[in-house]
Amino acid sequence: MTARGTGALMSVTYEIVAGDFVRAGEAASKLKRVLQQLGLDPTIIRRAAIATYEAEMNIVIHSYGGHISVDITCDSIEILCEDSGPGIPDIEKALQEGYSTASEDVREMGFGAGMGLPNIRRSADDFSIESRIGQGTRLQVRILHRAGE
Amino acid sequence: MRLQPYFHSVTLDTDSCKGCTICIKRCPTEAIRVRHGKARILEIRCIDCGECIRTCPNHAKRAIADDFSLLDKYAYTVALPAPSFFGQFSGHDVTVGKILQALLALGFTSVYEVAEAAEHVSLATQRYVNNSIIRPLISSSCPAIVRLIQVRFPDLIDHLIPIQAPVDIAARFAKEMIMRKYGLRREEIGAFFITPCPAKVTAVKQPIGLESSWVDGAIPIADAYARVLRILPRLEDTPSLQQASAIGIHWGRASGEKYAIGADKTVAVDGIQAVIDVLSEIEIGKFHDIDFIECQACRGGCVGGPLTVQNPFLARVNMESLTQELPDKMSPEIVHEFEQRYSTGAYDLESDIEPRPILKLDDDFTKAIEKMELLEKTLDSLPGLDCGSCGSPSCQALAEDIVQGLATEGDCVFVLRDGVQSLAEELLDLARRVPGSISNEAETSPGGSLQESMDEPEIGEQEGSGT
Chain A
0 MTARGTGALM
10 SVTYEIVAGD
20 FVRAGEAASK
30 LKRVLQQLGL
40 DPTIIRRAAI
50 ATYEAEMNIV
60 IHSYGGHISV
70 DITCDSIEIL
80 CEDSGPGIPD
90 IEKALQEGYS
100 TASEDVREMG
110 FGAGMGLPNI
120 RRSADDFSIE
130 SRIGQGTRLQ
140 VRILHRAGE
Chain B
0 MRLQPYFHSV
10 TLDTDSCKGC
20 TICIKRCPTE
30 AIRVRHGKAR
40 ILEIRCIDCG
50 ECIRTCPNHA
60 KRAIADDFSL
70 LDKYAYTVAL
80 PAPSFFGQFS
90 GHDVTVGKIL
100 QALLALGFTS
110 VYEVAEAAEH
120 VSLATQRYVN
130 NSIIRPLISS
140 SCPAIVRLIQ
150 VRFPDLIDHL
160 IPIQAPVDIA
170 ARFAKEMIMR
180 KYGLRREEIG
190 AFFITPCPAK
200 VTAVKQPIGL
210 ESSWVDGAIP
220 IADAYARVLR
230 ILPRLEDTPS
240 LQQASAIGIH
250 WGRASGEKYA
260 IGADKTVAVD
270 GIQAVIDVLS
280 EIEIGKFHDI
290 DFIECQACRG
300 GCVGGPLTVQ
310 NPFLARVNME
320 SLTQELPDKM
330 SPEIVHEFEQ
340 RYSTGAYDLE
350 SDIEPRPILK
360 LDDDFTKAIE
370 KMELLEKTLD
380 SLPGLDCGSC
390 GSPSCQALAE
400 DIVQGLATEG
410 DCVFVLRDGV
420 QSLAEELLDL
430 ARRVPGSISN
440 EAETSPGGSL
450 QESMDEPEIG
460 EQEGSGT
């Protein structure tokens with residue numbers, strides 16, 4: 000992802016606890032409210048909420064915990080998701096729709112349909128993912144908005 | 000953007016309001032504040048759902064609606080009873096035909112069941128669901144939900160089915176028929192909805208997606224109920240008046256609409272909080288494999304409306320027994336009429352449903368960011384108890400109000416108490432300072448004198464233990 004000349008006007012960070020399905024989704028809904036308060040376009044907000052929610056669920060389901068940091072610049076929403084955990088062995092596969100390594104328990108709860116990363120990529124204008132086996136995953140999403148123009 | 004002031008059916012009776020703050024927490028759009036001891040409704044936020052009418056222990060929230068005297072203004076009148084109206088009546092000998100006959104006895108020239116129009120809307124919705132690729136599609140029949148989506152979920156407007164609500168269809172079809180039959184002009188006919196809720200009253204006065212409503216007045220079910228009840232036992236059954244099948248009548252209760260649509264994957268949600276939860280989940284991509292969602296602001300559906308009389312659970316039972324003798328399929332005449340009208344676009348909304356976002360801090364993005372920072376800072380200084388004593392529904396809402404200049408930090412009783420406490424400490428500190436000119440201890444510093452005074456209780460204790 001290329002760095003732009005514009006710095007963050009505002010930043011927020013959400014800690015994500017592994018395995019906590021009760022609180023899962025809170026980061027996405029808090030971010031949604033912030034973006035609504037900033038008056039961004041509803042479709043932009045929706046894409047940011049979907050990307051954040053799916054990333055949040057990935058951290059809850061697959062990692063040992065992590066955080067989501069969001070920078071809002073004059074023309075973009077930069078979502079950085081970092082977790083410590085087993086990492087993703089085959090990123091290409093993980094980006095295919097329907098591919099999931101979620102456990103049976105998790106699937107029974109209605110999660111782990113293998114749409115997480117594909118949905119995030121679809122919501123993003125820029126998308127990058129790095130993962131180290133045994134260490135964790137770092138996901139960066141950029142969604143452009145025109146509010147600051 | 001609408002420039003004239005909003006009309007709201009839900010209003011406040013200032014004399015009855017005690018300023019108790021109960022309503023502010025239940026309002027789904029945070030549209031109420033208590034200021035100077037009285038509730039105030041923020042008009043741009045209110046969606047007329049009537050939650051505050053249900054919640055207020057002092058009955059200070061009221062629905063402004065029309066009354067029977069309005070009938071006198073028209074040469075010809077037609078009653079449009081909501082499907083939920085039938086659920087208000089119980090008893091072995093009560094029939095839909097009798098209830099309709101009662102409305103004629105009350106002075107209406109004719110009746111047209113909104114349930115019949117609901118059957119048309121069901122068929123139109125089926126077509127729309129089959130032809131659209133958007134999922135999930137959300138019913139637009141509950142006006143409180145349409146307004147909730149406008150203000151809190153503007154990104155879901157595309158999911159709303161752009162078909163007119165049954166009452167609007169009913170008023171137009173009834174009037175067109177009367178105009179043809181008797182050669183009357185539209186304005187000579189008064190169409191009156193017997194309504195379960197204030198949201199419908201507002202929808203009539205200020206329609207969404209329509210240039211103007213064909214409905215001329217909305218009379219609360221509670222008002223019509225008493226009059227009908229009085230004359231009902233004297234009336235003969237008039238089955239010829241009744242056109243709708245059980246399918247249309249069941250629109251009056253939760254899941255009735257879902258049942259009438261009959262698509263593959265349908266969901267029915269009732270109660271505004273449950274609807275908010277579902278809409279929030281749709282926003283993050285859930286429910287994408289559901290075809291159709293019925294959303295009702297009131298628990299139990301329209302029979303749970305704030306302007307009804309009967310307990311919604313009993314009303315549901317009443318509807319079940321009333322519909323037992325009715326056909327459980329739409330009549331071929333209705334289906335035929337639908338086919339003819341559908342091709343002319345008779346069911347479509349006339350204009351787009353516009354977003355009305357209420358959370359935006361400022362139209363200018365840079366200013367919104369500045370306000371956001373101030374908001375975060377302000378929120379940190381508040382206790383996070385969401386007690387409502389300040390008159391705003393939560394600390395978050397108070398912080399927003401402060402940033403928008405509608406409140407001050409001193410409105411928070413905890414911030415105020417801390418302020419008073421530190422002021423009192425400072426006063427005490429000042430009071431204990433002895434000016435050097437009158438001090439008899441040469442070395443005493445102001446700090447020393449404070450230390451001395453703080454030791455005093457210990458001296459007292461020693462004295463006490465000596466006795």
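Line by line, the protein sequences are chains A and B. For what it's worth, numbering that gives the first Met the number 0 labels the leading residue of the first sequence as 0, then goes sequentially. For what it's worth, numbering that gives the first Met the number 0 labels the leading residue of the second sequence as 0, then goes sequentially. Here a beta-carbon is modelled for each residue, glycine too, at the ideal position from N, C-alpha and C.
Check	Outcome
Taking 8 Å as the threshold (beta carbon to beta carbon), is SER28(A) in contact with chain B?	yes
Could one say the Cβ of LYS92(A) lies closer than 8 Å to chain B's Cβ atoms, at least one of them?	no
What residues are listed by DSSP as bridge partners for PHE291(B)?	LEU136(B) and THR265(B)
Applying a beta-carbon distance threshold of less than 7 Å, which residues of chain A neighbour SER391(B)?	In chain order: nothing, as chain A lies at least about 15 Å away.
Taking 8 Å as the limit between beta carbons, can you name the residues of its chain near SER10(A), skipping five residues before and five after?	SER68, VAL69, ASP70 and ILE71
Excluding sequence positions up to five away, which residues of its chain have a Cβ less than 7 Å from the Cβ of ALA123(A)?	ALA50, VAL140, ARG141 and ILE142
Determine the contact status of ARG25(B) and GLY390(B), defining contact as a CB-CB distance below 8 Å.	no
Rounded to whole angstroms, how far is the Cβ of ILE160(B) from the Cβ of ASP347(B), which I believe are closer than 8 Å?	That belief does not hold up - the Cβ atoms of ILE160(B) and ASP347(B) are roughly 10 Å apart, past 8 Å.
So what does DSSP say about CYS394(B), is it helix, strand or coil?	helix
Output, in chain order, the set of chain B residues within a Cβ distance shorter than 8 Å of THR42(A).	ASP154
Could one say the Cβ of MET371(B) lies closer than 8 Å to chain A's Cβ atoms, at least one of them?	yes
The alpha helix (DSSP H) spanning LEU79(A) covers which residue range?	Run containing LEU79(A): none in the alpha helix (DSSP H); it sits in the beta strand (DSSP E), 75 to 83.
Can you tell me whether DSSP reads ASP410(B) as helix, strand or coil?	helix
By how many angstroms is the C-alpha of GLY64(A) removed from the C-alpha of LEU138(A)?	14 Å
Ignore the nearest five residues each way along the sequence and tell me which others in LYS257(B)'s own chain have a CB closer than 6 Å to its CB.	THR265, ALA267 and GLU293
Note down, in chain order, all residues in the region 338 to 361 of chain B with a beta-carbon under 8 Å from any beta-carbon belonging to chain A.	PRO354, PRO356, LEU358, LYS359, LEU360 and ASP361
In three-state terms, what does DSSP make of HIS335(B)?	helix
Out of curiosity, what's the CA-to-CA distance linking THR201(B) and ASP47(B)?	7 Å
Cutting at 6 Å between CB atoms, please list the residues of its own chain near LEU209(B), excluding the five before and the five after it.	GLU349
As a quick exercise: from GLN36(A), ARG131(A), ASP19(A) and LYS31(A), pick the residue whose alpha carbon is nearest that of GLY78(A).	The question names Gly, yet the displayed sequence has Ile at residue 78(A). ILE78(A) has its Cα closest to that of LYS31(A), out of GLN36(A), ARG131(A), ASP19(A) and LYS31(A).
Taking C-alpha atoms, which residue in ASP288(B), ARG171(B) and ILE193(B) lies nearest to GLY86(B)?	ILE193(B)
Where does GLU29(B) fall in DSSP's three states?	coil
Counting only Cβ-Cβ distances shorter than 7 Å, please list the residues of the region 258 to 290 of chain B near chain A, keeping chain order.	SER279, GLU282, ILE283 and GLY284
What residues in the region 6 to 37 of chain A bring their beta carbon closer than 8 Å to a beta carbon of chain B?	LEU8, MET9, GLY24, ALA27, SER28, LYS31, ARG32, VAL33, GLN35, GLN36 and LEU37
Using a cut-off of 8 Å between C-beta atoms, extract the partners of ILE368(B) located in chain A.	LEU8, MET9, LEU37 and ILE71
Can you give the Cα-Cα distance for HIS335(B) and ARG298(B), rounded to whole angstroms?	34 Å
State the beta-bridge partners of PHE191(B) as determined by DSSP.	ALA78(B) and GLY216(B)
With a cut-off of 8 Å, does the C-beta of PHE67(B) fall near any C-beta of chain A?	no
Out of ILE98(B), THR343(B), GLU375(B) and ARG32(B), state which residue places its alpha-carbon closest to the alpha-carbon of ARG233(B).	ILE98(B)
Cβ of GLY86(A) less than 8 Å from any chain B Cβ?	no
Which residues of chain A have a Cβ atom closer than 8 Å to the Cβ of THR377(B), listed in chain order?	Those within 8 Å of THR377(B) in chain A number zero; the least Cβ separation is about 13 Å.
Using a C-beta cutoff of 8 Å, does ASN118(A) count as contacting chain B?	yes
May I have the straight-line CA-CA distance separating GLU186(B) from VAL77(B), to the nearest angstrom?	12 Å
Along the beta strand (DSSP E) that carries PHE126(A), what are the first and last residues, could you check?	125 to 131
Report buried or exposed for ILE283(B), applying the criterion of at least 16 other Cβ atoms within 10 angstroms of its Cβ.	buried
Out of curiosity, what's the CA-to-CA distance linking GLU53(A) and ASP361(B)?	29 Å
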